[in-house]
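Some notes on the structure that comes next.
Residue numbers (the numbering used here), protein chains in the order written: chain A, 95 to 605; chain B, 627 to 1064.
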């Protein structure tokens, strides 16, 4: 349903960060499992896409002139399983295979893709993409310099070798643990996903990169009843990992979180509406960084002058104890990447160092315009899309305070603990995140649970208002997905406990 | 391009049968999508793609699974389907997982919904660029414009389905949209941003690109100087464009899956006076040239108009075959089509004048709702309503409440349904709404 997809896209403003859609109750495609025997380089083994073939397509792609060009071959297989009402009776699998072809001339991009990896079909797509260029400077593609895959998420057993018979007992275990934790738990659903993605990226200037990117996520949702009142909550864990990652302990932690988050909702209230100090608990509160600064630092917005951060590099934007980093090289993280989707080595970019705004996140196009090296931040959802600057794992480093000191410093405010989604307007700098669970803080003490409030702030203003940063930084293990211009990519985020001295909290009007 | 998709779908069903499936339902889709984007006087991006995929639902031994692939190589497709059947056998049996019964698709309408415009398929590069230029020029008519990106998006989609119990059909549609996103220099480092997009199935239904570019610019200009509004309980007027997403949130848990899984605040309200008597919502898939029109849904269920809420009473929810059987509900359709909110008599300016003081919401920023309880909290942008008129622009505010309570206080409805959404909603007026701001 491309058309509806577009409508959704046109209606959304800014960039969106979400947890999986199962909470919305609409017909998410759920699904399935097992062993497809995919070769390590399917492009070569199935289609004979060797270096000579790749070079032939690259020549066609750059035939009308090109400053840059790339081919993005992708084969991914995703398996889903659903447990509801005590049984696993739904599986699904999705194979996405194709090659995206991009040619860049000045600031102009031509893009095409084909799912048919035969030479005639690839040449036809190359011709279509090349139509944007009208130059007659013929650029000879460079000889390929093949690079081996990196080692950030090597697995010993690919997901294609893990059968449903192995996954099923694990899902049943999650369900039984959730049911045994509280007698009010009425329904439990468990959603399983695993993926093997293989990419091969070839560029006009001779890069040839292959990568095997595993991914998995398990989600549990819990519905509990007390009398007439029903509440539901969830938790999930995700990583570029293999089957053995799912230890009993790891699953138990996830289940306990889900049950605790659900049961506390029976006693939770809305906080009073208005401006107040907001404490962001360590971990998932990294959503603040993603929305308040991360998106605004993506250089495509800045090269167009449309970000509120467009003229701020080198300026003081926060207290000296604030350092914010985007780093793709954290092993096995959901946002980790050996190479970005333009074939550049992914790395570590310091966005804010000791309170000073340092660097944007660049893809090839923006780096060229700024005269800088790309930061390895060019990412895309799939072969169907051209890459653009994106975040990977975004986090804040430890600061000088403790969590207890932060709580003690607040007279009347809230702590935010769990989130479902966030969004930002790049130009105005206004951003929001939705708090599912949190706590009231009164006179320096944690008092009552709160739920379901949106929080809104302005990026640069909030950075300035970070008055305390604790020493308990951690990355969240949840399966976050970032949406931008209609493309979704997996990301990670983290933060220590932080105090923002003033934000606008949704709630009830007391008067 | 004129591949016989129905034959492909039928062949996949046959392969599934040979591999041991008792029943199978296959859908093959093909689309061509073209995108031209223009920024600040220059063509920036051209994307031209043809895409295809095959999906299949397998029913074997009381078990079920579903699969899709973009790899249509005949040999690997055969392996893919055999494997799909093998996967199915590894699952647990479920008596409610059955193929769509023939009775639900036998009498599907044959009506011509006029969803295909051959002039979309015939669009030339020159026409798309001319539209981009017209949008670009009008969207730049302000001295504070930093950047404007204009785009033309058009394409053709085909989707054919075949099943082991006799379904065989194909639906086609075209679309053509264009519009602009504008960024203006505002106070300090701030930028004001907004945009406007229009489109439909037919080129002839498009407004003038100049009017669209102007509207995009006007909406952005109205954001200039926006400040945080007050923390207050007051009336809320939601403009028609923003109202569509509010209606979508309200209807989010109105489906059999959410009800059967105990995650819907609608459950105890079905058949009851749940909302204000001013609210009537009908799901109508049979609107000629409608943005989400169809003759049958993804399960093959015959399309028909379905009242969801009538004068505030819930009359139906979205029921697919699986959760319908499991939850003892008669299938209606599993997915929304065109959702129409019954309009009222007053224009937007009359609504504002009736309200006198309050907040006029023009768009949302983030936020969410809990489908189990109906509790919601949303970020917003808009204007204060002062003396019955649109006043100064405000943002960085939240509105918080419960969807059932909110729609119980739906006081007035406008006569201005927003045409460029499959949720056709006029402006809505609510009383006693909790806003948080400064």
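Quick reminder that beta carbons are idealized off the backbone N, C-alpha and C, glycines included.
{"Item": "Taking the beta carbon of residue 599 (chain A) as the centre, do at least 16 other beta carbons fall within 10 Å, making it buried, or is it exposed?", "Value": "buried"}
{"Item": "Quick one: which chain A residues come within Cβ less than 7 Å of residue 690 (chain B)?", "Value": "183 and 184"}
{"Item": "Does the distance from the CB of residue 590 (chain A) to the CB of residue 565 (chain A) come in under 8 Å?", "Value": "yes"}
{"Item": "My output table needs one value for residue 481 (chain A): the three-state DSSP class, helix, strand or coil.", "Value": "coil"}
{"Item": "Within 8 Å, do at least three Cβ pairs link the stretch 1008–1020 of chain B to the stretch 1036–1047 of chain B?", "Value": "no"}
{"Item": "Look at residue 879 (chain B) and residue 997 (chain B) and say whether their C-beta atoms are less than 8 Å apart.", "Value": "yes"}
{"Item": "Should residue 289 (chain A) be flagged as near chain B, meaning a C-beta pair shorter than 8 Å?", "Value": "no"}
{"Item": "At a CB-CB cut-off below 8 Å, which residues of chain A make contact with residue 940 (chain B)?", "Value": "None at all; the shortest Cβ gap to chain A is about 15 Å."}
{"Item": "Evaluate residue 670 (chain B) with the Cβ neighbour count: other Cβ atoms within 10 Å of its Cβ, from every protein chain shown; 16 or more gives buried, anything less gives exposed.", "Value": "buried"}
{"Item": "Got a sec: is the Cβ-Cβ distance from residue 119 (chain A) to anything in chain B below 8 Å?", "Value": "Here residue 119 (chain A) scores only 31 on pLDDT, less than 50, and its place in the model should not be relied on; the value that follows carries that caveat. Yes, because at least one Cβ of chain B sits closer than 8 Å to the Cβ of residue 119 (chain A)."}
{"Item": "Beta carbon of residue 609 (chain A), beta carbon of residue 1005 (chain B): below 8 Å?", "Value": "With chain A covering 95 to 605 only, the question about residue 609 (chain A) has no answer from this structure."}
{"Item": "Can you name the start and end residues of the alpha helix (DSSP H) that residue 882 (chain B) belongs to?", "Value": "882–886"}
{"Item": "Report yes if the C-beta distance between residue 348 (chain A) and residue 329 (chain A) is below 8 Å; otherwise report no.", "Value": "yes"}
{"Item": "Counting only the same chain and skipping the five closest in sequence on each side, list residues whose C-beta sits under 7 Å from that of residue 381 (chain A).", "Value": "111, 513, 516, 527 and 587"}
{"Item": "Cα separation between residue 953 (chain B) and residue 887 (chain B)?", "Value": "9 Å"}
{"Item": "If we ignore side chains and look at the alpha-carbon of each, how far apart do residue 352 (chain A) and residue 315 (chain A) end up?", "Value": "7 Å"}
{"Item": "State the DSSP-derived secondary structure class of residue 346 (chain A), mapped to helix, strand or coil.", "Value": "helix"}
{"Item": "Based on DSSP bridge pairs, tell me the residues matched to residue 543 (chain A).", "Value": "A:533"}
{"Item": "Closest to residue 685 (chain B) by C-alpha separation, out of B:929, B:676 and B:707, would be which residue?", "Value": "B:707"}
{"Item": "By the 10 Å Cβ neighbour count, where 16 or more other Cβ atoms means buried, how is residue 124 (chain A) classified, buried or exposed?", "Value": "Low local confidence applies: a pLDDT of 29 at residue 124 (chain A) is under 50, so the model's placement there is unreliable, and no value is given."}
{"Item": "How about residue 183 (chain A) and residue 1037 (chain B): are their beta carbons less than 8 Å apart?", "Value": "no"}
{"Item": "Taking contact to mean 3 or more Cβ pairs, one atom from each stretch, closer than 8 Å, check whether the stretch 282–297 of chain A and the stretch 951–971 of chain B are in contact.", "Value": "no"}
{"Item": "Under 8 Å between C-beta atoms, does residue 865 (chain B) make it to chain A?", "Value": "no"}
{"Item": "Given a cut-off of 8 Å on the beta-carbon distance, is the pair residue 411 (chain A) and residue 446 (chain A) in contact?", "Value": "yes"}
{"Item": "Tell me, please, whether the CB atom of residue 1060 (chain B) is closer than 8 Å to any CB atom in chain A?", "Value": "yes"}
{"Item": "Where do the N-terminal and C-terminal ends of the alpha helix (DSSP H) with residue 452 (chain A) fall, by residue?", "Value": "Counting along the chain, residue 452 (chain A) falls outside any alpha helix (DSSP H), and DSSP gives it neither H nor E."}
{"Item": "I need the straight-line Cα distance from residue 932 (chain B) to residue 733 (chain B), nearest angstrom please.", "Value": "16 Å"}
{"Item": "Just confirm the distance between the C-beta atoms of residue 810 (chain B) and residue 768 (chain B), as a whole number of angstroms; I'd bet it's less than 8 Å.", "Value": "7 Å"}
{"Item": "Output, in chain order, the set of chain B residues within a Cβ distance shorter than 8 Å of residue 612 (chain A).", "Value": "With chain A represented from 95 up to 605, any question about residue 612 (chain A) goes unanswered, as that position is not in the structure."}
{"Item": "My guess is that residue 1063 (chain B) and residue 1023 (chain B) are in contact by the Cβ rule of under 8 Å, so how many angstroms apart are they, rounded?", "Value": "4 Å"}
{"Item": "Please state the DSSP three-state secondary structure of residue 430 (chain A).", "Value": "coil"}
{"Item": "Could you name the residues of chain B that residue 464 (chain A) contacts, counting a contact when the two beta carbons are closer than 9 Å?", "Value": "The contacting residues do not exist; residue 464 (chain A) stays about 16 Å from chain B at best."}
{"Item": "Report all residues from its chain with a CB closer than 6 Å to the CB of residue 386 (chain A); omit the five preceding and five following residues, and keep chain order.", "Value": "525, 553 and 556"}
{"Item": "Would you mind giving the Cβ-Cβ distance between residue 520 (chain A) and residue 389 (chain A), rounded to the nearest angstrom? I have them listed as a contact below 8 Å.", "Value": "6 Å"}
{"Item": "Extract the residue ranges of the beta strand (DSSP E) inside the stretch 889–917 of chain B, only unbroken runs of 3 or more that lie entirely within it.", "Value": "907–909"}
{"Item": "Is it buried or exposed, residue 211 (chain A), if we count other Cβ atoms within 10 angstroms and call 16 or more buried?", "Value": "buried"}
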